[in-house]
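For what it's worth, UniProt numbering labels the leading residue of the sequence shown as 1, then goes sequentially.
These notes are about the structure you will find just below.
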Amino acid sequence: MTSDLNPKWYNNSDQLRDYLVIYINGERHEIRGEQAFMTLSDYLRHEKQLTGTKVVCAEGDCGACTVLMAAVKPGSTTTEIQYQSINACIQFMHGLDCCHVITIEGLPEQSPDKQGNQLHPVQQAMVQAQATQCGFCTPGFVMAAAGMMEVKNKIKKQHARNFLTGNLCRCTGYQSIINAMLDIKHENHSSIKDCYHNPQLHQDLLTHSQTAVRIQHQNNSFDAPLDSISAAQALTSTEHKIFAASTDLGVQFNKGHWQKQRVVSLNLIEELHHCELKDDCARIGARVTLSQLEKALCDVHPEWVAFMHIFASPQIKNNGTLIGNIANGSPIGDNLPFLLAMDARLNIQGPTTGRTVNLNDFYQAYRQMDLAADELITHVEIPNKADDCFLKLYKVSQRRDLDISCVSSALMMRFDQHNQLQAVAIALGGVAATAVRLKTAEQSLLGQHMGDLLQPEHIKATAEMIANQVTPMSDVRGSEAYRKLLVANLYKKFMAELQASHEVKA
1 MTSDLNPKWY
11 NNSDQLRDYL
21 VIYINGERHE
31 IRGEQAFMTL
41 SDYLRHEKQL
51 TGTKVVCAEG
61 DCGACTVLMA
71 AVKPGSTTTE
81 IQYQSINACI
91 QFMHGLDCCH
101 VITIEGLPEQ
111 SPDKQGNQLH
121 PVQQAMVQAQ
131 ATQCGFCTPG
141 FVMAAAGMME
151 VKNKIKKQHA
161 RNFLTGNLCR
171 CTGYQSIINA
181 MLDIKHENHS
191 SIKDCYHNPQ
201 LHQDLLTHSQ
211 TAVRIQHQNN
221 SFDAPLDSIS
231 AAQALTSTEH
241 KIFAASTDLG
251 VQFNKGHWQK
261 QRVVSLNLIE
271 ELHHCELKDD
281 CARIGARVTL
291 SQLEKALCDV
301 HPEWVAFMHI
311 FASPQIKNNG
321 TLIGNIANGS
331 PIGDNLPFLL
341 AMDARLNIQG
351 PTTGRTVNLN
361 DFYQAYRQMD
371 LAADELITHV
381 EIPNKADDCF
391 LKLYKVSQRR
401 DLDISCVSSA
411 LMMRFDQHNQ
421 LQAVAIALGG
431 VAATAVRLKT
441 AEQSLLGQHM
451 GDLLQPEHIK
461 ATAEMIANQV
471 TPMSDVRGSE
481 AYRKLLVANL
491 YKKFMAELQA
501 SHEVKA
């Protein structure tokens, strides 16, 4: 396909600014030079002496560094904005351009109590429930809960568990923390948005979101263009990284694996922030977060949305993107089996033209993709699932929540009115150098009758055939033999659930 975008030539310095605009606890900051390449946690602690935000894991797993962030979308015509939890330890400052950050020091206080204490309702509840021990994780729990209060008027136990899945208490004081969440007093409490977000602040961020950015400091460079063609043209070397969020690059940086930052950001490209539900597919932009997808696709792809609840924390989903997951190309990326099974299509933009590639043709080898150095993925198109399609998504890991998969899978079957298998997809992660679709196994099943497919001997033989078509490696998460056994057993589980579903319908 040929793009009809009108590029704003990126070498015109008159159209560029050399600073970021970020608000922290209502205070405006212009970030230049070296500070633009710092993590948010380092900037808060070392530049602003805001030491309440703690760093423990430096990987975005433990949640001790949780802060709240609200972003103004480029081209927005409304003042609607939402404060959501993110991990400060893996968030770069250049990823926060045109955002407002709230730290533990900036939580709006409620009216003084009888003892004269001025605490946020979450802090007060933590005190009353004796929900803190060593205290190191406490600021993260408080901020995650404050984010929960922005969207929940009445907190139930499951709400608390869901919103706090990204926070670890190494003193194992979870029950008292949950008790505190259930005792939060909402009366006479103003939201963070009401306390901080005013028309002047919003207009300042919106105005700056309409101007491209270029910041250079020593060996680091940050480019934030306003359209996809300019972004592709800014990819002048293989050292450049496309930056949607930082849930992977932030970890690499903290581990010392990515020190020279050559970043091309997608943050200011308006069209990439949209998720469009069409008659035949969902078209998802590269800057749409996983949290936004959960809300947008809950009716279109309910199985996938339910699956997303367990593989990442709210802090990661509020910042991470689906296309970042795709471009990362991990063989155990949890979303990839579903996308492969659905024959998802990628819209790829180059310096002059664009093209569309089926995801099943995109991965060529380990971390090798059909993507040139000067191309970027702008959208993914996911076909709508047919009503009579039976789809199941599975993930096997040591922990149920927030753990790297040993094996993941997406299995789908669709039968015609005569119960003949009309369509089938068997997609797996963690069993090869890339996530894979087992086309040979699928072809062997097409056209068969449901009754034959559900025969125990047929299920056993097919499970063995599938296991023999994968080439997993042995590592700390599982041996080759274990992964093959999982593949076979997941197919058996799928067929058992298919049979149960068919019996219920009958």
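Backbone N, C-alpha and C define an ideal beta-carbon position, used for all residues, glycine too.
Buried or exposed (CB count within 10 angstroms, at least 16 for buried), residue i
i    : result
Q83  : Note on residue identity: the sequence assigns Tyr, not Gln, to residue 83. So Y83 counts as buried.
Y43  : buried
T2   : Low local confidence applies: a pLDDT of 36 at T2 is under 50, so the model's placement there is unreliable, with the coordinate-based value given in what follows. So T2 counts as exposed.
M495 : buried
V424 : buried
D61  : buried
C134 : exposed
L322 : buried
Q261 : buried
D4   : Annotation note: pLDDT 40 at D4 (below 50); position unreliable, no value reported.
E80  : exposed
G285 : buried
L168 : buried
L490 : buried
S501 : exposed
K484 : buried
K54  : buried
N318 : buried
A488 : buried
R161 : exposed
I171 : This sequence places Cys at residue 171; Ile is not what is there. C171 should be labelled exposed.
K157 : exposed
V151 : exposed
M473 : exposed
L411 : buried
D416 : exposed
D97  : buried
P337 : buried
CA nearest to the CA of residue i, picked from the options
i           : options                   : result
residue 512 : L454, L421 and A427       : Residue 512 lies beyond the stretch modelled for the chain, which goes from 1 to 506, so this question has no answer here.
K48         : D61, R28, A58 and G63     : R28
I155        : Q130, G166, C298 and A125 : A125
I102        : Q128, Q216 and G140       : G140
A146        : H189, L391, G173 and A306 : H189
R214        : E497, A36 and A488        : A36
C281        : F390, M342, Q210 and P472 : M342
T440        : Q420, A467, T434 and D416 : A467
Q218        : L50, T434 and G33         : G33
S409        : E381, H274, I332 and V263 : I332
K492        : M465, F253, C171 and I404 : M465
Q128        : P108, L182 and L359       : L182
L107        : M93, F92, H94 and Q123    : Q123
M149        : E457, L68 and R45         : L68
Q91         : E59, A70 and T39          : T39
N358        : H379, T352 and P351       : H379
S237        : P314, S479, K193 and V264 : V264
Those residues which DSSP pairs with residue i across a bridge
i    : result
T321 : T289
P383 : C281
C99  : I22 and A71
Y83  : Y83 pairs with nothing; no bridge assigned.
G475 : It should be pointed out that residue 475 corresponds to Asp in this sequence rather than to Gly. BP columns for D475 point to G478.
L421 : F415
L428 : S409 and V436
S237 : BP columns for S237 are empty, so no partner.
Rounded distance between the beta-carbons of residue j and residue i, thought under 8 Å
i    : j    : result
H100 : H197 : 7 Å
I377 : L339 : Contact doesn't hold; Cβ gap of about 12 Å is too wide.
S176 : A131 : 4 Å
Stretch-stretch touch, CB-based, cutoff 8 Å, three pairs: the region 266–281 with the region 68–82:
At 8 Å Cβ cutoff, the stretches touch.
Count the C-beta pairs between the region 346–361 and the region 310–322 that are closer than 8 Å, then say yes if the count reaches three, no if not.
Per the Cβ contact rule, the region 346–361 is not in contact with the region 310–322 (fewer than 3 Cβ pairs under 8 Å).
Any contact between the region 366–376 and the region 393–403? By contact I mean 3 or more CB pairs, one from each, below 8 Å.
Counting Cβ pairs under 8 Å, fewer than three are found: no touch.
Indicate whether the contact test is met: 3 or more Cβ pairs, each with one atom in the region 370–383 and one in the region 441–452, closer than 8 Å.
Cβ pair count under 8 Å is below three, so no.
Touching by the beta-carbon criterion (3+ pairs, under 8 Å), the region 215–223 and the region 296–316:
Three or more Cβ pairs closer than 8 Å define a contact, and the region 215–223 falls short of that threshold against the region 296–316.
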